[in-house]
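*Asks:* Provided herewith is a single structure, encoded as structure tokens, for subsequent inquiry.
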Amino acid sequence: MKFRQELPDINESDERALVERVRALEDESGEKSVPPVPEAYWQNLIIRTNQRVDAASSGKAISISWAARVAIPGVVAIVSFLIALHYYVPLQTRQQSDVESMVLALPDPVMDSLLTDASLSDETLFAVAADEDLFDVPSEQIGEYLIQNDNAALFVELLPEEQADQMLDLLTTGM
Amino acid sequence: MEELSDLQLIEEVRNGKRRAFTELMRRYQQRIYWAARRIVGTHEDADDIAQEAFVKAYTALGDFRGESSFYTWLYRIAINLSLNAIRKRQLVNYLRENDTIGRFFPSTEDPSRQVEFKETQSRLQEAIARLPEKQRAVFVMRYYDEMSYEEISEVMKTSVGGLKANYFHALRKVREYMTDEIPSGTSGHQRK
Chain A
1013 MKFRQELPDI
1023 NESDERALVE
1033 RVRALEDESG
1043 EKSVPPVPEA
1053 YWQNLIIRTN
1063 QRVDAASSGK
1073 AISISWAARV
1083 AIPGVVAIVS
1093 FLIALHYYVP
1103 LQTRQQSDVE
1113 SMVLALPDPV
1123 MDSLLTDASL
1133 SDETLFAVAA
1143 DEDLFDVPSE
1153 QIGEYLIQND
1163 NAALFVELLP
1173 EEQADQMLDL
1183 LTTGM
Chain B
54 MEELSDLQLI
64 EEVRNGKRRA
74 FTELMRRYQQ
84 RIYWAARRIV
94 GTHEDADDIA
104 QEAFVKAYTA
114 LGDFRGESSF
124 YTWLYRIAIN
134 LSLNAIRKRQ
144 LVNYLRENDT
154 IGRFFPSTED
164 PSRQVEFKET
174 QSRLQEAIAR
184 LPEKQRAVFV
194 MRYYDEMSYE
204 EISEVMKTSV
214 GGLKANYFHA
224 LRKVREYMTD
234 EIPSGTSGHQ
244 RK
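Line order of the protein sequences matches chains A and B. Numbering-wise, the first sequence is residues 1013 to 1187 according to the numbering used here. Numbering-wise, the second sequence is residues 54 to 245 according to the numbering used here.
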């Protein structure tokens, strides 16, 4: 069972007497109950309170904090990756396609000349059939080669005697 | 703007005029600050409570029905914040004294500052600090702000009779502390 304490019957005069006593004691001590506050504090308090009100009412406090710590770095990372992906991969393909398209656009003679190795231009390439013996070069071709290269004496030396006589007859008859 | 009533200013604030709220702050910030200061005892806590009271008032302005005056409503917010601050401090002190968190979370307060605070506190402030939190709040409102019991009843949501008893007991305790009297439950009292 809970006993409820009866409230004392307090009249206004008793209360007033007590209040006066406490105030007198406060005056007697000569102390300020609370140190004073400089006047500039109040203006500063208004400014700081307004700042708090702005932060609380706009609802940006939490979102800004979250954005700074999580969202912004994350978005930057993703965007950077996508940009790098967009530019890096297509670049190689584009280069290849550019070179390829340029080459394909060349005229056939130019293409053929490019396919010929320029460093071997002093030598005559003999086109032979696939089934022929590469070392069995026809004598006519050898003859043409020697004559073109100012080596007629060697050509004559290499001619069989009978062919040499026939050639000499042709040359003297034509004169 | 200084000629507008509180209700008119509130209406202006609801219409988006922040200057009206700044005017309300200008009117009541000192009284709110000092009420908090006398209850919690430190400037830092009172400064924080004063700001927080206005922030809460601003964000809850839509709920203000005008059943009480704006000042009473605001004052109630400040008193509740002050009492919460006292409870938190008591809990922290209890845990520290019982060495529950003291080992792991040593006090961040400067010990020299604590001593300084005690030394500069007046005897009356010391007496008030010893009152239970509700008695302390009633004492501050009646003794310093000279609020009527009806106004205090609106703030504390307590009956007028209970408030009278609270205040009377608080006055006696303060008087006894300031005169070094031995507390007595009877009508007579003796000096130490």
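Think of the CB as a built atom: it goes at the ideal place given N, C-alpha and C, for glycine as much as any other residue.
1) By a C-beta neighbour count over all protein chains shown, 10 Å radius and 16 as the cutoff for buried, is TYR1099/A buried or exposed?
2) Inspect the beta-carbon positions of LEU184/B and LYS226/B and report whether they are closer than 8 Å.
3) Answer yes or no: does any C-beta atom of chain B fall closer than 8 Å to that of ASP1039/A?
4) With 8 Å as the threshold, decide whether the Cβ of PHE117/B is near any Cβ in chain A.
5) Let me see if you follow: with CB-CB separation under 8 Å, is MET194/B close to chain A or not?
6) With distance defined between alpha-carbon atoms, name the residue in LEU57/B, ALA113/B and TYR202/B nearest to GLU1024/A.
7) Pull up the distance between the alpha-carbon of LEU134/B and that of GLY1042/A, whole angstroms please.
8) By the three-class DSSP mapping on this structure, what secondary structure does GLU1156/A have?
9) What residues in the region 74–103 of chain B bring their beta carbon closer than 8 Å to a beta carbon of chain A?
10) Using three-state DSSP, classify ALA113/B as helix, strand or coil.
11) Pick from TYR86/B, ALA180/B and VAL213/B: whose alpha carbon is nearest that of VAL1034/A?
12) May I ask which residues mark the beginning and end of the alpha helix (DSSP H) holding ASN1023/A?
13) Hey, how far is the Cα of ALA953/A from the Cα of PRO1085/A?
14) So, is PHE192/B buried or exposed, given that buried needs 16 or more other C-beta atoms within 10 angstroms?
15) Assign SER1113/A to one of three DSSP states: helix, strand, or coil.
16) Residues of chain B with a CB under 8 Å from the CB of GLU1027/A: which are they?
17) Would MET200/B count as contacting chain A if we go by Cβ distances under 8 Å?
18) Quick one: grab the DSSP three-state call for THR264/B.
19) What do you reckon, are the CB atoms on ILE92/B and ALA190/B nearer than 8 Å?
20) Residues of chain B with CB closer than 8 Å to the CB of SER1069/A, please, in chain order.
*Replies:* According to the structure data:
1) exposed
2) yes
3) no
4) no
5) no
6) TYR202/B
7) About 31 Å.
8) helix
9) Under the 8 Å Cβ criterion, the region 74–103 of chain B contributes PHE74, THR75, MET78, ARG79, GLN82, GLN83, TYR86, TRP87, ARG90, ARG91, HIS96, ASP100 and ALA103.
10) coil
11) ALA180/B
12) ASN1023/A -> no alpha helix (DSSP H), and no H or E assigned at all.
13) Given that chain A is displayed from residue 1013 to residue 1187, the structure contains no residue 953/A and the question cannot be resolved.
14) buried
15) SER1113/A carries a helical assignment under DSSP once its states are collapsed to helix, strand and coil.
16) Neighbours of GLU1027/A on chain B, chain order: LYS217, TYR220, PHE221 and LEU224.
17) no
18) Beyond the ends of chain B as shown, which are 54 and 245, falls residue 264/B; an answer cannot be given.
19) yes
20) TYR111 and THR112
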